[in-house]
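Numbering (my numbering), first residue to last: 24 to 195.
Dropping the structure here:
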């Protein structure tokens with residue numbers, strides 16, 4: 024597990040990389056993006072290029088997105104790298120990975136407010152994955168190194184769920 028971020032076929036050539044647009048996101052923008060994804064299972068990933076477990080986890084997220092995207096999984100990736108390292112570290116890493124899902128970069132005036140908006144119990148440790156159901160509720164989090172098979176099982180369960188299964192019922 025990385026510490027919390029600093030506060031302040033086979034032989035065929037891959038297709039050319041699409042133009043990358045890594046947009047900044049603050050806590051309000053992230054909340055809006057998650058709200059717009061209702062109806063889909065969302066895997067929200069926080070990572071940094073300086074975090075070796077994050078770098079090792081990223082290709083697995085790309086595979087999950089390709090495997091489960093057609094079934095309703097949306098992966099959203101948020102780099103917590105300093106914006107000064109966007110060109111030198113984040114863009115080269117993302118170009119190499121070819122994720123096929125949105126990659127954002129944290130742009131928060133208050134890192135603690137950003138972290139608390141995601142999960143009040145999260146310390147900011149990386150890598151961090153948060154899994155949201157089709158109704159937009161956070162259902163599971165994975166903090167630190169997590170086996171891809173564990174994440175995949177959780178994704179599969181949520182994709183198989185009827186979104187009405189977890190709606191609160193009104194008392195009579």
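The beta-carbon is built from N, C-alpha and C at its ideal position, and this holds for glycine as well.
- Collapsing the DSSP output to three states places residue 118 in a helix.
- Annotated three-state conformation of residue 105 is coil, per DSSP.
- Taking the Cα positions, residue 182 is about 14 Å away from residue 161.
- Ranking 55, 109 and 74 by CA distance to the CA of residue 151 puts 74 first.
- Cβ-Cβ separation between residue 153 and residue 67: approximately 4 Å, consistent with a contact (criterion under 8 Å).
- Listed as beta-bridge partners of residue 90 by DSSP are no residues whatsoever.
- With respect to the 9 Å criterion, residue 141 and residue 87 are not classified as neighbours on the basis of their beta carbons.
- Pairing residue 45 with residue 109 gives a Cβ-Cβ distance under 9 Å.
- Cβ-Cβ separation between residue 47 and residue 128: approximately 5 Å, consistent with a contact (criterion under 8 Å).
- Residues of the same chain with a CB within less than 7 Å of the CB of residue 50, apart from the 5 flanking positions on each side, are 131, 136, 137 and 140 in chain order.
- Secondary structure of residue 47 (DSSP, three-state): strand.
- If you draw a 10 Å sphere on the C-beta of residue 119, you find fewer than 16 other C-beta atoms in it, and that means exposed.
- At the C-beta level, residue 65 and residue 159 come within 9 Å of one another.
- Taking the Cα of residue 172 as reference, the smallest distance to any Cα among 60, 80, 134 and 112 is reached at 80.
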